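Enquirer:
Numbering (the UniProt record's numbering), first residue to last: 1 to 139.
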């Protein structure tokens, strides 16, 4: 007969959220950069479409200033999305490392409160591995 797991997904997610909400600036920055990136990714192709429409409908020699402006806007939104992705990756790495360190610290602090006989057993090595995996699974 297989043993049932006593931990629930809800408990794990609530523990992750408890440690994540300690960093509201990073969470807010991730949300804001994600929204702006998606907006830029949606807007950039609209300018590319306008660029192609201008080339197809008019004489390219007459519409050079307009083409330059449209291409400039397209480049701006494309580079903005690219740059903000790099910033978002930095914020993600910063948040993950901080939360994982907090998870490790709180989990090991909980384990330390056990009795001496608990630590004498061979089971502790397995438990320490599980705590480490628990913290790393936040990624």
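Where is the CB? At the ideal position from N, CA and C, for every residue including glycine.
Values in this document were obtained by computation on a predicted structure and should not be read as measured data.
Which class does residue 61 belong to by DSSP, given the choice of helix, strand or coil?
Expert: As a first step, residue 61 is located in the chain shown; it is residue number 61 there, counting from the start. Three-state result, residue 61: coil.
Enquirer: Enumerated in chain order, which unbroken segments of the alpha helix (DSSP H) with a length of 4 residues or greater are wholly contained in the UniProt domain "ABC transmembrane type-1" (29-139)?
Expert: 64-112, 116-120, 123-136
Enquirer: When you compare the CB positions of residue 103 and residue 134, do they come within less than 9 Å of one another, or not?
Expert: Mapped onto the chain shown, residue 103 falls at position 103. Mapped onto the chain shown, residue 134 falls at position 134. The answer is yes: Cβ separation under 9 Å.
Enquirer: Would you say residue 111 and residue 131 are within 9 Å of each other, going by their C-beta atoms?
Expert: As a working mapping, residue 111 is identified with position 111 in the chain shown. As a working mapping, residue 131 is identified with position 131 in the chain shown. The answer is yes: Cβ separation under 9 Å.
Enquirer: What whole-angstrom Cβ distance do residue 71 and residue 51 have, given they're in contact under 8 Å?
Expert: Sequence index remark: in the chain shown, residue 71 carries index 71 (1-based). Sequence index remark: in the chain shown, residue 51 carries index 51 (1-based). Rounded to the nearest angstrom, the Cβ distance from residue 71 to residue 51 is 6 Å, consistent with a contact under 8 Å.
Enquirer: Helix, strand or coil for residue 21, going by three-state DSSP, please let me know.
Expert: As a first step, residue 21 must be located in the chain shown, where it is residue number 21. The answer is coil: DSSP assigns residue 21 none of H, G, I, E or B.
Enquirer: Take the Cβ of residue 20 as the centre, count every other Cβ of all protein chains shown within 10 Å, and call the residue buried at 16 or more, exposed below.
Expert: Start at 1 with the first residue of the chain shown, and residue 20 comes out as number 20. When all chains shown are included, residue 20 counts as buried.
Enquirer: Out of 76, 12, 83, which one is the CA nearest neighbour of residue 45?
Expert: Indexing the chain shown from 1 puts residue 45 at position 45. Residue 45 has its Cα closest to that of 76, out of 76, 12, 83.
Enquirer: Suppose contacts are defined by Cβ-Cβ distances below 9 Å. Is residue 29 in contact with residue 81 by that definition?
Expert: Mapped onto the chain shown, residue 29 falls at position 29. Mapped onto the chain shown, residue 81 falls at position 81. No, the Cβ-Cβ distance between residue 29 and residue 81 is not below 9 Å.
Enquirer: Are residue 47 and residue 100 closer than 9 Å when you measure CB to CB?
Expert: Against the chain shown, residue 47 aligns to sequence position 47. Against the chain shown, residue 100 aligns to sequence position 100. No.
Enquirer: Going by beta carbon distance, what residues of the same chain come within less than 7 Å of residue 25, once the five residues before and after it are set aside?
Expert: Here residue 25 refers to the residue found at position 25 of the chain shown. Excluding residues up to 5 positions away in sequence, nothing lies with its Cβ nearer than 7 Å to the Cβ of residue 25 in the same chain.
Enquirer: Taking a contact to mean a Cβ-Cβ separation below 9 Å, would you say residue 85 touches residue 35 in this structure?
Expert: Translated into the one-based positions of the chain shown, residue 85 becomes position 85. Translated into the one-based positions of the chain shown, residue 35 becomes position 35. Cβ atoms of residue 85 and residue 35: not closer than 9 Å.
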